[in-house]
Ligand SMILES: *Cc1c(COP(=O)(O)O)cnc(C)c1O
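In the numbering used here, the protein residues as written are 1454 to 1826.
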């Protein structure tokens, strides 16, 4: 097979027609309102609430600070149980909020926190569970809810990957106490950078809105601690315009995903995740797992050799957060499945402009590498 002239990256940020964006931006020039809950921000917030099918949401400057704002305003203490199989942001948000991340093993079937292993990690110091809907696949929400009620724990979902996902027709932002969605440029839906918090309680809105703006409630009143985590009008404008395209974006990704599944099904040692029953997926990522005993190559070899074809993949998520120097502990044998998965997993390119011909090229390259073992 011939090497491609141009590299295929794992993702390519969606950009709307330029004129549609500038049309929104012109409003900023008329109003001179650049940030602090501007007109476009207000509109975008309404649209997000409708799209996600939630009662309440707040917009923030990025997903990571949204997580920190949530953790800080939920009044948590001590330990927070989370997954090591996630982006650095999840664990860092916990630690930066003065809390201790406690890593739980994952379920090798859906790559999310293993709900059967959560209870054994609960101590009198545990105040919350922070599960991640990894690659947009929903966690076992009912079981997490049951555990949280039994031990009186707060549940904060890292839904950074899960914009637009529904479970039995219900928007995924409706579960747990708070959920965070990331609107980073590389996510399935973006606002250049941005974050959303969804929540049930009206009180949560007050504390989140205050905290994201220095705790300021009036010209001469600061009610408490806070930071600056506001979304500006340029971000909101990008989000507002991109929301017009999210349905077609997800549909195109769905076709790509269907094609990948058909092709990878025929390659030994390559596993992919199924669509889960009752779930409306967003096809944000296409992770595959390389079983080296069957494929004859390791994930690392696959990742390197695909570069010879100009195909760029990502080892998502490797290394595990529990292997970062800042979180490393002697006692991590209980993370057995997470360790295996972190050695097998990689994400292959998926974005709406990726042609089916290129998907075939990627699959042919994977097959060639497996057959050459
Ligand atoms: C992207 C991401 C975040 C952080 O979001 P930003 O908007 O980039 O700050 C947090 N958690 C996970 C799982 C992510 O993928």
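The C-beta atom is built at its ideal place from N, Cα and C for all residues, glycine as well.
* When the distance is taken between beta carbons, is residue 1706 closer than 8 Å to residue 1805? -> It is a contact, given that the beta carbons lie within the stated cut-off.
* Give me the Cβ distance between residue 1508 and residue 1653, rounded to the nearest whole Å; I'm assuming they're in contact under 8 Å. => The Cβ separation is near 7 Å, so the contact holds.
* How long is the line joining the alpha carbons of residue 1603 and residue 1773, rounded to whole angstroms? -> Using only the alpha carbons, I get a separation of about 29 Å.
* For residue 1471, the three-state DSSP class (helix, strand or coil) -> Correct three-state label for residue 1471: helix.
* To do: Pull up the CB-CB distance for residue 1751 and residue 1759, whole angstroms please, since I reckon it's below 8 Å.
  => Contact flag wrong, Cβ pair sits at about 13 Å.
* Quick one: Cα of residue 1696 to Cα of residue 1749, how far? -> Near 43 Å, if we compare the C-alpha coordinates of residue 1749 and residue 1696.
* So is the beta-carbon of residue 1648 under 7 Å away from any non-hydrogen atom of ligand 1? -> In this structure, residue 1648 has its CB closer than 7 Å to one or more heavy atoms of ligand 1.
* Starting from residue 1733, follow its DSSP beta bridges and name the residues at the other end. => Per DSSP, 1619.
* To do: Report yes if the C-beta of residue 1516 is less than 7 Å from at least one heavy atom of ligand 1; otherwise report no.
  => With a threshold of 7 Å, the Cβ atom of residue 1516 counts as near ligand 1, since some heavy atom of the ligand is closer than that.
* To do: Give the DSSP-derived three-state secondary structure of residue 1827 in the structure shown.
  => Because the chain in this structure spans residues 1454 to 1826, residue 1827 falls outside the shown range and cannot be described.
* To do: Report yes if the C-beta of residue 1542 is less than 7 Å from at least one heavy atom of ligand 1; otherwise report no.
  => Result yes, Cβ under 7 Å from ligand 1.
* In whole angstroms, what is the alpha-carbon distance linking residue 1545 and residue 1538? -> Approximately 13 Å, taken between the alpha carbons.
* Asked: Between residue 1560 and ligand 1, is the CB less than 7 Å from at least one heavy atom?
  -> Residue 1560: no, Cβ never under 7 Å from ligand 1.
* Does the distance from the C-beta atom of residue 1606 to that of residue 1638 stay below 8 Å? -> In terms of Cβ geometry, residue 1606 and residue 1638 do not form a close pair [threshold 8 Å].
* Of the residues 1775, 1816, 1666, the one placed nearest residue 1718, counting alpha carbons only -> For the residues 1775, 1816, 1666, the minimum Cα distance to residue 1718 belongs to 1816.
* Asked: Do residue 1524 and residue 1647 have their CB atoms nearer than 8 Å?
  -> Against a cut-off of 8 Å, the Cβ pair of residue 1647 and residue 1524 comes out as no contact.
* To do: Going by CA-CA distance only, name the one from 1818, 1700, 1622 that's closest to residue 1757.
  => Selected option, being the one with the closest Cα: 1818.
* Asked: Taking Cβ positions only, does residue 1659 come closer than 8 Å to chain D?
  -> Note that chain D does not occur in the displayed structure, where there is just one protein chain.
* Pairwise C-alpha distance: residue 1568 and residue 1684 -> Annotation: residue 1684 to residue 1568 spans about 34 Å, alpha carbon to alpha carbon.
* For residue 1532, which three-state DSSP category applies? -> Residue 1532 falls in the strand class under three-state DSSP.
* For residue 1467, which option in 1686, 1737, 1484 has the closest C-alpha, if you only look at C-alpha atoms? -> It is 1737 whose Cα lies nearest to the Cα of residue 1467.
* Element boundaries [beta strand (DSSP E), containing residue 1633] -> If you look at residue 1633, you'll find it in the beta strand (DSSP E) that goes 1631-1635.
* **residue 1539: CB within 7 Å of a non-hydrogen atom of ligand 1** => Answer for residue 1539: yes, Cβ within range of ligand 1.
* Asked: If you measure from the CB of residue 1581, is any heavy atom of ligand 1 nearer than 7 Å?
  -> Flag unset: Cβ of residue 1581 not near ligand 1.
* To do: Out of 1823, 1824, 1763, point me to the one whose CA is closest to residue 1811's CA.
  => Ranking 1823, 1824, 1763 by Cα distance to residue 1811 puts 1763 first.
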